[in-house]
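Engineer: So the sequence shown is numbered by our numbering: it starts at 7 and just counts up by one.
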Amino acid sequence: MRREMFVLRSAGAPKNRKKGLLVSVLLLVAIAVVNYAIFFSSSDPEALGIEERLSLPVETSEALPEPQKTSETVIEEVSLMKGEAPVRALMRVGATERSALMALEALQESVSLKGLKAGQKFVVEMTKDGEVISLTMPRDLTHLWRVEKKENGYQASLGELPIDKEVVSIACKIQDTVFSSLERCGAERELAQVVVDLLGTQIDLFSEVRRGDVLRFSVERETLGGEFLRYGKLRGLIYEGKIAEASIFPLEQDGEIKYYDGKGRAVEKPFLRTPVRFTRVSSQYSLKRLHPILNTYTPHRAIDYSAPKGTPVYALGDGKVIFKGQKGAYGKLIVLQHPFGVQTYYGHLDAFAKDLKVGERVQKGQVIGTVGATGRATGPHLHFAVAKNGQFVNPKTLLDIAGEQLEGARFEDFLATMASMVQELKSLPVKGIEATR
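1) Beta-carbon within less than 7 Å of T102's beta-carbon, same chain only, minus the 5 sequence neighbours each way: which residues are those?
2) Between C191 and P281, what straight-line distance do the alpha-carbon atoms span, to the nearest angstrom?
3) Whole alpha helix (DSSP H) runs in the stretch 145-196 with 4 or more residues, listed along the chain?
4) Tell me whether L28 sits in a helix, a strand or coil according to DSSP, three-state version.
5) Using 8 Å as the threshold, is the stretch 368-386 in touch with the stretch 412-426, meaning 3 or more CB pairs across them?
6) With 16 as the cutoff for other CB atoms within 10 Å, does R217 come out buried or exposed?
7) Note down, one range per segment and in chain order, each beta strand (DSSP E) of at least 3 residues found wholly within the stretch 191-271.
8) If we count the other Cβ atoms within 10 Å of its Cβ and call it buried at 16 or more, is G232 buried or exposed?
9) Does the beta-carbon of T403 have 16 or more other beta-carbons within 10 angstroms, so that it is buried, or is it exposed?
10) If I'm right that R283 touches M427 with Cβ under 8 Å, what's the distance once you round it to whole angstroms?
11) With a cut-off of 8 Å on the beta carbons, I'd call A393 and Q349 a contact; round off their distance for me.
12) Which of the three DSSP states, helix, strand or coil, is assigned to P318?
13) Would you list the residues sitting across from Q349 in a DSSP beta bridge?
14) Ignore the nearest five residues each way along the sequence and tell me which others in T380's own chain have a CB closer than 7 Å to its CB.
15) Suppose you measure from the CA of M87 to the CA of A124; what does that come to, to the nearest Å?
16) I need the straight-line Cα distance from N22 to E78, nearest angstrom please.
17) How many angstroms separate the CA atom of E52 from the CA atom of W151?
18) Please report how far the alpha carbon of A272 lies from the alpha carbon of L211, in whole angstroms.
19) Apply the 10 Å Cβ neighbour rule to V341 and answer buried if 16 or more other Cβ atoms are within range, or exposed otherwise.
20) Taking only the alpha-carbon atoms, compute the straight-line gap between E262 and S213 and give it to the nearest angstrom.
21) Is the stretch 196-206 touching the stretch 139-149, taking contact as three or more C-beta pairs under 8 Å?
22) Give every residue of the same chain whose Cβ lies closer than 6 Å to the Cβ of Y160, excluding the five residues on either side of it in the sequence, and list them in chain order.
23) Where DSSP assigns a beta bridge to T133, which residues make up the other side?
24) Using beta-carbon positions only, say whether K432 and I244 come within less than 9 Å of one another.
25) With 16 other CB atoms within 10 Å as the buried threshold, where does S118 fall?
26) Measure from the alpha carbon of Q259 to the alpha carbon of each residue in F417, V80 and I81, then state which is nearest.
27) Please report the straight-line C-alpha distance between E115 and L230, rounded to a whole angstrom.
28) P435: buried (16+ other C-beta within 10 angstroms of its C-beta) or exposed?
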């Protein structure tokens with residue numbers, strides 16, 4: 007995952023040519039950082055797996071540097087306009103139609119140019135007469151496609167941008183919520199969010215966190231062109247609590263990193279712990295509850311999560327929408343069908359996710375609606391219920407459905423790696439509320 011610098015140059019290039027290509031590298035570094043909004047703004051972090059969420063980049067509003075010129079070539083940065091063909095965009099900044107088409111045809115052999123969105127960026131290097139010498143298009147934040155003119159025509163290649171990394175390690179005493187405690191202990195908001203999301207897969211952040219608990223973790227922080235890019239691999243996490251304990255450690259195999267608890271069980275489970283974030287439980291699952299409106303004792307086969315109107319509601323797991331609409335006391339309701347004979351119910355919604363339809367498949371963590379107070383409700387909250395094999399059950403029973411269990415040599419390798427990381431985490435000095443006030 008750690009990369010060498012990808013230098014955009016060809017052997018024997020004139021001195022000014024080398025300078026121009028170096029400018030192109032620097033320009034692409036900035037473009038790669040800024041382009042997060044274009045490439046990823048439509049993705050909801052909650053719809054991704056844990057490994058993917060950990061590597062999410064952070065948006066930046068820093069402006070792109072001005073395109074620069076050399077004495078022999080011209081370098082221009084251009085963005086596609088709505089409905090514009092790539093060749094027209096290149097011609098708009100001075101490229102000849104013939105050379106632009108040839109460069110794009112070479113690029114098309116490696117990556118499909120169909121369906122490019124408005125705002126897609128290109129960097130084109132041209133002669134003063136408009137002949138394309140090179141064309142560069144970001145693939146994602148750390149990779150770029152580059153087309154160069156060779157003796158036998160244009161050739162495309164995939165390169166990598168240089169990423170620098172540092173290790174961030176914190177041991178934090180919990181004072182109130184995990185998120186606010188981490189901020190007091192010096193963690194950036196983006197890092198605090200990553201840690202909260204991961205820890206939330208192991209313990210109940212609503213009922214199992216106590217003042218004085220200690221959270222220890224170490225993570226890689228990555229930068230690109232001197233700008234913060236994302237948090238990379240979590241090196242290890244330990245939660246030492248009065249009620250709950252948890253641990254998360256990585257295991258890399260075949261170039262892929264997955265996370266497991268201290269017993270070798272996969273952190274990624276079929277279901278989220280909760281369908282909403284940063285809220286409180288206003289009513290637990292109970293077979294005899296005093297109804298706040300009817301004022302009678304009735305079964306409450308659900309969990310109510312109190313949250314402000316408009317708070318996102320997430321699909322608890324992968325599944326299919328089998329009901330979406332108004333349903334009596336439930337108000338606006340969504341019902342999802344999942345594997346294992348499980349159905350999940352999301353009631354009192356204020357609104358449904360745009361374009362969500364019955365029969366559509368959804369992913370774990372996908373936004374399906376927002377918290378409201380429709381139907382029979384005293385205030386905004388999510389009425390969340392779970393049925394298994396046709397019978398309503400306590401939603402907490404879904405937590406018993408575990409992920410993959412490591413075995414054999416893989417488990418032994420994991421334990422060895424975990425042991426050294428535990429020792430490192432245990433040696434960290436603990437920060438408390440007094441550390442940052």
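From the three backbone atoms N, C-alpha and C, an ideal C-beta is built for every residue, glycine too. Computed from a predicted structure; not experimentally measured.
Structural biologist: Answer, in terms of the structure:
1) Within the same chain, and ignoring the five residues on either side of T102 in sequence, the residues whose Cβ sits closer than 7 Å to its Cβ are G136 and E137.
2) 28 Å
3) 184-190
4) In this predicted model, L28 has a pLDDT of only 41, less than 50, meaning its place in the structure is not dependable enough to derive any value.
5) no
6) exposed
7) Fully enclosed beta strand (DSSP E) runs of 3 or longer: 220-230, 233-246, 251-259 and 262-266.
8) In the assembly as shown, G232 is an exposed residue. Its beta-carbon has fewer than 16 other beta-carbons within 10 Å.
9) exposed
10) Rounded, the Cβ-Cβ distance is 27 Å, inconsistent with contact.
11) 4 Å
12) Of the three classes helix, strand and coil, the one that applies to P318 here is strand, per DSSP.
13) Q343 and A393
14) G337, K338, H354, L355 and D356
15) Roughly 5 Å separates the two Cα atoms.
16) Model confidence at N22 stands at a pLDDT of 45, short of 50, so the residue's coordinates are unreliable; what they give is reported in the following sentence. Spanning the two alpha carbons is a distance of roughly 7 Å.
17) Bear in mind that the predicted position of E52 carries a pLDDT of just 43, short of 50, making it unreliable; the figure below should be weighed with that in mind. Annotation: E52 to W151 spans about 29 Å, alpha carbon to alpha carbon.
18) 19 Å
19) buried
20) 33 Å
21) no
22) If the five residues before and after Y160 are omitted, its C-beta is found closer than 6 Å to the C-beta atoms of M108, A109, A112 and V153, all from its own chain and listed in chain order.
23) T79
24) yes
25) exposed
26) Minimum Cα distance to Q259 is reached at F417.
27) 28 Å
28) With a threshold of 16 other beta carbon atoms within 10 Å, P435 falls short and is exposed.
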